[in-house]
Structures are given as structure tokens and as C-alpha cells.
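Peer 1: Order-wise, the sequence lines are chains F and P.
Per our numbering, the first sequence starts with residue 1, numbered consecutively.
Per our numbering, the second sequence starts with residue 83, numbered consecutively.
By construction, the Cβ of each residue, glycine as well, lies at the ideal position given by its N, Cα and C atoms.
A quick note: this is a predicted structure, and the numbers were derived from the prediction, not measured.
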Amino acid sequence: MAEVNIKEIINKHLMKVAPEADLEELSPDANIREELDIDSYDFLQFLIAINEEIGIEIPEADYGKLSTIESIVEYLSARINV
Amino acid sequence: MIKINSMDWKPIKKTFDKWSVRPTLLDYTTTCASFSWESILKEIDGLPDGKGINIAHEAVVRHAMEGRGNHLAIRWLSRDGAIRDYSYHDLHSQSNQFANVLRQLSINRGDRVFVLSGRIPELYISALGTLKNVSVFCPLFSAFGSEPIRQRLSKGDARVLVTTQKLYKQKVADLRKHLPLLKHILLADVEEDIEEGLWSLPKQMAKSSDRFSIPQTDPEDMALLHFTSGTTGMPKGAIHVHNAVLTHYMTGKYVLDFHPDDVFWCTADPGWVTGTSYGIIAPLTHGITSIIDEADFDAERWFRILEEQKVNIWYTAPTALRRLMRMDIEPCRQYNLSNLRIIHSVGEPLNPEVVKWGQETLELPIHDNWWQTETGGIMIANYASMDIRPGSMGRPLPGIEAAIVQRTNKNDIKIIEEPEVEGDLALKPGWPSMFRGYLHDEERHRKCFVGGWYITGDLAKRDADGYFWFVGRADDIIKTSGHMVGPFEVESVLMEHPSVAEAGVIGKPEPLIGELVKAFVCLKPGFEPAEKLRLEIMGFARKKLGSAVAPKQIDFVDNLPKTRSGKIMRRLLKARELGLPEGDISTLETDS
Numbered sequence: 001m002a003e004v005n006i007k008e009i010i011n012k013h014l015m016k017v018a019p020e021a022d023l024e025e026l027s028p029d030a031n032i033r034e035e036l037d038i039d040s041y042d043f044l045q046f047l048i049a050i051n052e053e054i055g056i057e058i059p060e061a062d063y064g065k066l067s068t069i070e071s072i073v074e075y076l077s078a079r080i081n082v
Numbered sequence: 083m084i085k086i087n088s089m090d091w092k093p094i095k096k097t098f099d100k101w102s103v104r105p106t107l108l109d110y111t112t113t114c115a116s117f118s119w120e121s122i123l124k125e126i127d128g129l130p131d132g133k134g135i136n137i138a139h140e141a142v143v144r145h146a147m148e149g150r151g152n153h154l155a156i157r158w159l160s161r162d163g164a165i166r167d168y169s170y171h172d173l174h175s176q177s178n179q180f181a182n183v184l185r186q187l188s189i190n191r192g193d194r195v196f197v198l199s200g201r202i203p204e205l206y207i208s209a210l211g212t213l214k215n216v217s218v219f220c221p222l223f224s225a226f227g228s229e230p231i232r233q234r235l236s237k238g239d240a241r242v243l244v245t246t247q248k249l250y251k252q253k254v255a256d257l258r259k260h261l262p263l264l265k266h267i268l269l270a271d272v273e274e275d276i277e278e279g280l281w282s283l284p285k286q287m288a289k290s291s292d293r294f295s296i297p298q299t300d301p302e303d304m305a306l307l308h309f310t311s312g313t314t315g316m317p318k319g320a321i322h323v324h325n326a327v328l329t330h331y332m333t334g335k336y337v338l339d340f341h342p343d344d345v346f347w348c349t350a351d352p353g354w355v356t357g358t359s360y361g362i363i364a365p366l367t368h369g370i371t372s373i374i375d376e377a378d379f380d381a382e383r384w385f386r387i388l389e390e391q392k393v394n395i396w397y398t399a400p401t402a403l404r405r406l407m408r409m410d411i412e413p414c415r416q417y418n419l420s421n422l423r424i425i426h427s428v429g430e431p432l433n434p435e436v437v438k439w440g441q442e443t444l445e446l447p448i449h450d451n452w453w454q455t456e457t458g459g460i461m462i463a464n465y466a467s468m469d470i471r472p473g474s475m476g477r478p479l480p481g482i483e484a485a486i487v488q489r490t491n492k493n494d495i496k497i498i499e500e501p502e503v504e505g506d507l508a509l510k511p512g513w514p515s516m517f518r519g520y521l522h523d524e525e526r527h528r529k530c531f532v533g534g535w536y537i538t539g540d541l542a543k544r545d546a547d548g549y550f551w552f553v554g555r556a557d558d559i560i561k562t563s564g565h566m567v568g569p570f571e572v573e574s575v576l577m578e579h580p581s582v583a584e585a586g587v588i589g590k591p592e593p594l595i596g597e598l599v600k601a602f603v604c605l606k607p608g609f610e611p612a613e614k615l616r617l618e619i620m621g622f623a624r625k626k627l628g629s630a631v632a633p634k635q636i637d638f639v640d641n642l643p644k645t646r647s648g649k650i651m652r653r654l655l656k657a658r659e660l661g662l663p664e665g666d667i668s669t670l671e672t673d674s
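Below you can see the structure in the form of C-alpha cells.
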């Protein structure tokens, strides 16, 4: 899956938990939970939705590594392309 | 409602040979029999020359003066991995500086000082400095949206707000025209003053002396103002006084079981009462070390903190524990948790599965306890030395009288003596941290007391051995991730959206966070239910209310069930959502 598609999927699911967010203004290395006011429950729903859509298991222990759009894209790309 | 049968789960027996440190409360019955608040009063220091009782003196000054000044008081862990240590001396001198900043701004006794921030060191220093100045500390949760912030600043007559540049711009700047009393904003993260009234906190601190003498403090002087949600109307500001420190100290001694060399981690945010009573005050009154983590919940990080900081006593919440249960790991093999001695939990009832998980996976039982904003401190608890009945909140603290009661009429109750009968959980007033009122709301305060008892709003039952068991709320207040959310506040904001005719909001049971805020929305004529509109309303509510309060789910409905007097029957909405019997619907006016 191309990186651009992964970004689209991330954006789609971010907009479901934080529909008011202006993703164009969001820097790829910004902490999304802090910038978009996503609490721990919303963040969990977001990652579960991504998991369901692209079939990559994201264990709870890895959630801390996924704080920015950049890190999520990197994390997912590495697992899709293996 | 969570109903747990006391016979369903095997009790966890405590064995004396397993203690690495002997609990202070060794025998519950004996301690209760000999307990008096006078004896606790003798254990605290009091201001010199009989000038009264001040929380900040007990928390900081006495340790700095009594040879414990170099002991580590707070270790702050930043989100990005940096560590900042504060000894009792550091806390003492910096809170003195903050008290002097307030004094220079002509902020006096009883004036309200609000703090809106994440868990940054300035929050803790501001809290202690405010208390030293005998002003009133009012914490605001940083994930509140502008509306809950406006209501609280306004109702609390805020004179000063300590915050960060980003939170100020996002959530406060536009409100200032509605808040004429709020003359001073202190920004924790700017180096230079911006304009008159919009000050740099570091700059103001730097030019203030680190010497300050706490003025005479009446134990009944207002110290803390904690807002909590009601079923109807806007949030209420529960008033606590300096005498509450007796409860903070006593519960630290008997429930949390603090010993002089302990490292304690309370994971609660000071925006909620647990994060103030136990995230700031109680550990400091015992002169021990507190861990403060700036970051939000992260399972791996949390286990690492427990290990690296050698935490002995951990006070957390069911929501977090249930998240940790999701991890497919064996924590005791992957992390060295050998320093951990006691785990406590509060915020919502701890389901027995979690207690069992703690016992099996962390090799320690988890001690649930119960209290609320109005009680100011822990009231009912499981103790280190007492057997645990999984699912029970435990037994009342020494000095606390709790009962299950039933209302007989508007002005009276009867105590239910027989065990296993559900009723209102009530407390006999008079403990030091009991709220002294709701600010500017005497009528609502008065209504909490019936027949000489404080009616908590929770329903519970008591078993034959005096253990209390949570049954549910007596009203419509939603308990989500351990926080209270008033449905009325959410409904009011939803109705501000141009498409919404009316809204009904309930707490929908959710296994991880207890309940989630769910809204049922009727649209005005001309608006059609559609996913785009649903997301628009959700975004609107999030912007106004913040993620901590805004609904997580929104359903469109044609109409809402109402009483003949026009009141939304949330109970019925909830029953329908959950497919439960609808109960008494004799007052129902309209139906979907």
C-alpha cells in the first residue's frame, strides 16, 4: 500500500473521532492527541478502526510510539511492506 | 448499573508473612474503636504561634523546616523524557515566590486562583503558593472546551488564571470580555510580559522574593474549589477548607499506607479532585516522594515508570487498569515491579475481574476505594491489612460513619439496618474535608442533607460484615473515565447547534471507560439525518465542551420521550438503548 493511501486512511479515521480538526494545518510531527484534543478512549477507537480497515494488528504496548501522523505512517508502512 | 453479588468472587486473604512493610492500620476494628480526629490534629504541625492550620504549611513548610528539606518531594517526568526534581526546599521557596506574585497583584485571602494546564510543575507550585497566600486554588482540566471553562471561571469569580500560551489562545482569550473579574493571566511558558494583565509567570516569579510568611489561617478558611457536575443546571463549585488537610493526612496514613521512604504515584490529573487531594496534597503531608507524569495514558510507559522510578504505592483508576489488561504481556517478567507494595484504585467501581487480574498478573491485589468531590478525601476503602472482597469498595474509614438509608419523606430518612438491601449511600456529616457548600448555591447544598445525613447520590448496599457495594447512581449523572459529566451541560451545548431542536444525553455502559456520553438528537424541520451532519454536530460539541465532556456517540431520533411537564426521560432513553425493561412510564407524554 502506498504511503499516500495510508495517510488517507489515517485522515479518514481521525475525522471520525475529531471531525472539527483542520488536518491541513496539522504538522506531520505534531502530537495528534495533544493537537487535536483526542483523549485516550478516542485514540483507542481510532487505532482499532485503522486496524480493522487495513488488517494490521497494533498491540496496546505500541500505542505510545504512535503519537504523530509521521510515526503512524512509518509504523504501518513497515508492517504492510514486509 | 453494575451489580455484583458479594458471593460471586472468592475473597482475597491477606497473609501477614507477605508484608515487606508493616501496614500502619493493622487491625481495622481496633483502629476504628480508638480513633479520634483530635489525635490526628496532634500529628499535624499547625502554623507557628497558634496561627491556625494551613494546607501548604503541612505539605511543604514543616518538612523544609524539620530537616527533610533535601528530601525529594516531586519528580516530574516530562512528555519527552526529561526529568525535573523538586526537593521540599525547592517547593517551599518556589511556592513562596508564587505567593509573593499573588500578593503583588493584590490577590488576597479568599480570592480564587484558577489553573488550566496539563501536569506541569508550575501547576503544583501555583497550588501550594495559592494556599500559602490563603487564596483559593481552583483546578481546571486541560481537556475541557471553552464552555466548561467559561462556566467555572465565571461561577468561581476567578481573579487569576495560570495557564499556557496555547491553552490561553485556544480556550480563554475569547472569553475575557465575559469575565470582568479576571484581571490577571499568568502564562507559564512565556519569558516576557505580553501586556498589562497578561503576564509571564517566570518573569513575575523571578522578581519575587522566595521568603514568605503564611498569614493567620482559620481552619475554616476556604482553600480549594472543585467543580462537579449536577443532573440539572450547570456545574457546582464544592468548597473545601484548610481543615481538610486532616483527612488528606489521615487517609494517606491509613488507606494509602505512606511510610517515610515511599515513592508514590497518583495517576489522576489535578483537574479532578483525586489529582489534587492525592496527586498534590496527601503525599506531601507525609513528606514522601511523588511521581508526576506529564504524558497521557500509555501502557508501556506506565510499566516503565513503575519500574524505573521504583514506585512503592500506586493510586490509579479502573479505566487505566482495564487498558493494561488489554496488553498481552506478563508485566512481572518484562518489568521489575518488585518495589511495588500496594495498588489502589478510585474513580468508578473496580470490577472483580480487574482485582483478580491484579492478583494473578501483578502479583498484588488492587484496593478499591470510594469517595467523591464533595467528601474531599477517601471515605470507604479496602486496606492493606484487610481481606478484599472483589467488587466491594471496602469499609468506612476510622472516624467516618456510613450507612445505607431510604428516604421516608422529603425531610427524613430511615437507616436500613439489614444487610444486602439497596438504598442511598449516606455519610454522617462532620469529617474535616466535608464540603462546606456549593459556591453561590446554598439551596443545592442544603438539599444534599436529609435527616442529619449527607446523601451522596450513589446507590449501594452493605453486606453483613460491613463491606459496602456500589449499585449505581441515584440520578442521571454520567461517570465516564472516572469523571462526572452532567447531561444537562451537554444537552445545552448540542441545542446551540443550528440544526438541533432538542437533545437527550445518557451514560451508555462501556467496558473500558465505565460509561460513554451518548446523545440522542432531534433535528429541526428542514434538516435531514446524515453522517455529514452527525459529524458536524459532534465536532461542534467537541470544540465547545472538549473531549472530556463531549458526546462520543450521537444518534438521530424523531422525538425524545418526555414527561407531561416536558422533562426529558433520560432513564427511559437509557433503558431503550440497552434493551432493558422501561419501568414506570405513567408520566410519559410523547413516544417515538
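Are there 16 or more other CB atoms within 10 angstroms of the CB of isoleucine 482 of chain P, so buried, or fewer, so exposed?
Peer 2: Here residue 482 of chain P refers to the residue found at position 400 when the second sequence is read from its first residue. If you draw a 10 Å sphere on the C-beta of isoleucine 482 of chain P, you find 16 or more other C-beta atoms in it, and that means buried.
Peer 1: Taking the alpha-carbon of asparagine 325 of chain P as reference, which of P/Gly134, P/Pro434 and P/Ala402 has the nearest alpha-carbon?
Peer 2: As a first step, residue 325 of chain P must be located in the second sequence, where it is residue number 243. Checked all of P/Gly134, P/Pro434 and P/Ala402; the closest Cα to asparagine 325 of chain P is P/Gly134.
Peer 1: Compute the Euclidean distance between the alpha carbons of leucine 76 of chain F and isoleucine 56 of chain F, then round it to the nearest angstrom.
Peer 2: Residue numbering aside, residue 76 of chain F sits at position 76 when the first sequence is read from its first letter. Residue numbering aside, residue 56 of chain F sits at position 56 when the first sequence is read from its first letter. The straight-line gap from Cα to Cα measures roughly 8 Å.
Peer 1: CB-CB under 6 Å to aspartate 292 of chain P, same chain, minus the five flanking residues each way: which ones, in chain order?
Peer 2: Translated into positions along the second sequence, residue 292 of chain P becomes position 210. For aspartate 292 of chain P, where only same-chain residues beyond five positions count, the Cβ hits under 6 Å are Ser175, Asn178 and Gln179.
Peer 1: Which ranges would you report for the beta strand (DSSP E) in the stretch 282–349 of chain P if only whole runs of at least 3 residues count?
Peer 2: 304–310, 318–323 and 345–348
Peer 1: Among the candidates P/Gly554, P/Glu390, P/Arg185 and P/Ile470, whose CA atom is the shortest distance from the CA of lysine 96 of chain P?
Peer 2: Taking the second sequence and counting its residues from 1, one reaches residue 96 of chain P at position 14. Distances from the alpha-carbon of lysine 96 of chain P to those of P/Gly554, P/Glu390, P/Arg185 and P/Ile470 put P/Ile470 closest.
Peer 1: When the cut-off is 8 Å and only beta carbons count, does aspartate 410 of chain P lie next to chain F?
Peer 2: Counting from one through the second sequence, the residue named residue 410 of chain P turns up at place 328. True, the Cβ-Cβ gap to chain F drops below 8 Å.
Peer 1: Report the residue ranges of all beta strand (DSSP E) runs contained in full by the stretch 358–427 of chain P; include only those spanning at least 3 residues, in chain order.
Peer 2: 371–375, 395–398 and 424–427
Peer 1: Are there three or more Cβ pairs, one per stretch, closer than 8 Å when the stretch 378–393 of chain P is compared with the stretch 322–339 of chain P?
Peer 2: no
Peer 1: Could you give the first and the last residue of the continuous alpha helix (DSSP H) run that contains phenylalanine 117 of chain P?
Peer 2: On the second sequence, position 35 is the one that residue 117 of chain P refers to. Premise fails: phenylalanine 117 of chain P is in no alpha helix (DSSP H) and is neither H nor E.
Peer 1: Evaluate valine 4 of chain F with the Cβ neighbour count: other Cβ atoms within 10 Å of its Cβ, from every protein chain shown; 16 or more gives buried, anything less gives exposed.
Peer 2: Taking the first sequence and counting its residues from 1, the one referred to as residue 4 of chain F is at position 4. So valine 4 of chain F ends up on the exposed side.
Peer 1: If you scan the stretch 600–671 of chain P from start to end, which runs of the beta strand (DSSP E) of 3 or more residues do you find wholly inside it?
Peer 2: 635–638
Peer 1: At which residues does the beta strand (DSSP E) containing isoleucine 559 of chain P begin and terminate?
Peer 2: For the purposes of this step, residue 559 of chain P is identified with residue 477 of the second sequence, where counting begins at 1. Neither: isoleucine 559 of chain P is in no beta strand (DSSP E) and is coded neither H nor E.
Peer 1: Is it buried or exposed, glutamine 454 of chain P, if we count other Cβ atoms within 10 angstroms and call 16 or more buried?
Peer 2: Here residue 454 of chain P is taken as the residue at index 372 of the second sequence, counted from 1. It counts as buried.
Peer 1: Between the C-alpha atoms of tyrosine 63 of chain F and aspartate 410 of chain P, what's the straight-line distance to the nearest angstrom?
Peer 2: Taking the first residue of the first sequence as position 1, residue 63 of chain F is located at position 63. Taking the first residue of the second sequence as position 1, residue 410 of chain P is located at position 328. The alpha-carbon atoms of tyrosine 63 of chain F and aspartate 410 of chain P are separated by roughly 13 Å.
Peer 1: Hey, valine 603 of chain P and valine 582 of chain P are a contact pair by Cβ (cut 8 Å); roughly how many whole angstroms apart?
Peer 2: Along the second sequence, read from residue 1 onward, the residue named residue 603 of chain P stands at position 521. Along the second sequence, read from residue 1 onward, the residue named residue 582 of chain P stands at position 500. Contact holds; Cβ gap of about 6 Å.
Peer 1: Would you mind giving the Cβ-Cβ distance between proline 431 of chain P and phenylalanine 622 of chain P, rounded to the nearest angstrom? I have them listed as a contact below 8 Å.
Peer 2: Taking the second sequence and counting its residues from 1, the one referred to as residue 431 of chain P is at position 349. Taking the second sequence and counting its residues from 1, the one referred to as residue 622 of chain P is at position 540. Rounded, the Cβ-Cβ distance is 33 Å, inconsistent with contact.
Peer 1: Please go through the same chain and pick out, in chain order, the residues whose beta-carbon is closer than 6 Å to the beta-carbon of alanine 546 of chain P, but skip the five residues on each side of it.
Peer 2: For this step, residue 546 of chain P is matched to residue 464 along the second sequence. Result list for alanine 546 of chain P: Pro501, in chain order.
Peer 1: For methionine 620 of chain P, return the contacting residues in chain F, with the cut-off set at a CB-CB distance below 7 Å.
Peer 2: Within the second sequence, numbered from 1, the residue matching residue 620 of chain P stands at position 538. Within chain F, the residues near methionine 620 of chain P are Pro19.
Peer 1: Is it right to say alanine 466 of chain P is buried, meaning 16 or more other beta carbons lie within 10 angstroms of its own, or is it exposed?
Peer 2: As a working note, residue 466 of chain P is residue 384 in the second sequence. Burial call: buried.
Peer 1: Among residues of its own chain, excluding the 5 on either side of aspartate 494 of chain P, which ones have a beta-carbon nearer than 8 Å to its beta-carbon?
Peer 2: Taking the first residue of the second sequence as 1, we reach residue 494 of chain P at position 412. Closer than 8 Å at the Cβ level, and outside the excluded window around aspartate 494 of chain P, lie Val532 and Gly533.
Peer 1: How many angstroms separate the CA atom of glycine 377 of chain P from the CA atom of aspartate 131 of chain P?
Peer 2: To locate residue 377 of chain P, count along the second sequence from 1; it is residue 295. To locate residue 131 of chain P, count along the second sequence from 1; it is residue 49. Just to set this straight, residue 377 of chain P is alanine in the shown sequence, not glycine. Cα to Cα, the separation comes out at about 42 Å.
Peer 1: Around the Cβ of isoleucine 640 of chain P, are there at least 16 other Cβ atoms within 10 angstroms (buried) or fewer (exposed)?
Peer 2: Working through the second sequence from its first residue, we reach residue 640 of chain P at position 558. As written in the sequence, residue 640 of chain P is aspartate, which differs from the isoleucine given in the question. With fewer than 16 Cβ atoms within 10 Å of its Cβ, aspartate 640 of chain P is classed as exposed.
Peer 1: So, at 8 Å on beta carbons, what are the nonlocal neighbours of aspartate 167 of chain P in its own chain, with the 5 sequence-adjacent residues on each side left out?
Peer 2: Your numbering for residue 167 of chain P matches position 85 in the second sequence. For aspartate 167 of chain P, where only same-chain residues beyond five positions count, the Cβ hits under 8 Å are Leu154, Ile156, Arg157 and Trp158.
Peer 1: Go ahead and pull the three-state DSSP assignment for methionine 83 of chain P.
Peer 2: In the second sequence, counting from the first residue as 1, residue 83 of chain P sits at position 1. Caution applies to methionine 83 of chain P, whose pLDDT of 44 falls short of 50 and renders its modelled position unreliable; the value that the coordinates give is listed next. Reduced to three states, the DSSP call for methionine 83 of chain P is coil.
Peer 1: For chain P, check one thing: does any of its Cβ atoms lie closer than 8 Å to the Cβ of tyrosine 63 of chain F?
Peer 2: To locate residue 63 of chain F, count along the first sequence from 1; it is residue 63. Cβ-Cβ to chain P under 8 Å: yes for tyrosine 63 of chain F.
Peer 1: What residue from P/Ile650, P/Glu671 and P/Thr669 has the CA that sits closest to threonine 313 of chain P's CA?
Peer 2: Within the second sequence, residue 313 of chain P is the residue found at index 231, counting from 1. Residue nearest to threonine 313 of chain P within the set P/Ile650, P/Glu671 and P/Thr669 is P/Ile650 (criterion: CA-CA distance).
Peer 1: Pull up the distance between the alpha-carbon of glycine 678 of chain P and that of valine 197 of chain P, whole angstroms please.
Peer 2: Within the shown structure, residues of chain P are numbered from 83 to 674, placing residue 678 of chain P beyond reach of any answer.
Peer 1: Strictly below 8 Å CB to CB, what residues from chain F border leucine 594 of chain P?
Peer 2: If you number the second sequence from 1, residue 594 of chain P lands on position 512. Simply Tyr41 and Leu44.
Peer 1: Please tell me whether arginine 241 of chain P and isoleucine 189 of chain P are closer than 8 Å, where the distance is taken between their beta carbons.
Peer 2: The sequence position of residue 241 of chain P within the second sequence is 159, counting from 1. The sequence position of residue 189 of chain P within the second sequence is 107, counting from 1. Closer than 8 Å, so yes.
Peer 1: Between which residues of its own chain and glycine 369 of chain P is the CB-CB distance below 6 Å, once the five residues before and five after are set aside?
Peer 2: Counting from 1 along the second sequence, the entry for residue 369 of chain P is found at position 287. Listed in chain order, the non-local C-beta contacts of glycine 369 of chain P below 6 Å within the same chain comprise His145 and Arg150, local neighbours out to five positions each way being set aside.
Peer 1: Measuring straight from C-alpha to C-alpha, what distance separates tryptophan 281 of chain P and isoleucine 619 of chain P?
Peer 2: As a working mapping, residue 281 of chain P is identified with position 199 in the second sequence. As a working mapping, residue 619 of chain P is identified with position 537 in the second sequence. Each residue's Cα considered, the two are about 36 Å apart.
Peer 1: Excluding the five sequence neighbours on either side, which residues of its own chain have a C-beta within less than 7 Å of the C-beta of asparagine 464 of chain P, listed in chain order?
Peer 2: Mapped onto the second sequence, residue 464 of chain P falls at position 382. Excluding sequence neighbours, asparagine 464 of chain P sits near His449, Asp450, Asn451, Ile470 and Gly476.
Peer 1: Report yes or no: do three or more beta-carbon pairs, one from the stretch 216–234 of chain P and one from the stretch 263–281 of chain P, lie closer than 8 Å?
Peer 2: In short, these stretches do not touch, since the Cβ pair count stays below three.
Peer 1: Is there a Cβ of chain F sitting closer than 8 Å to that of lysine 561 of chain P, yes or no?
Peer 2: Counting from one through the second sequence, the residue named residue 561 of chain P turns up at place 479. Output row for lysine 561 of chain P: interface = no.
Peer 1: Between P/Met516, P/Ala141, P/Lys214 and P/Asp637, which has its C-alpha nearest threonine 299 of chain P's C-alpha?
Peer 2: Position 217 of the second sequence, counted from the first residue, corresponds to residue 299 of chain P. Nearest of P/Met516, P/Ala141, P/Lys214 and P/Asp637 to threonine 299 of chain P, Cα basis: P/Lys214.
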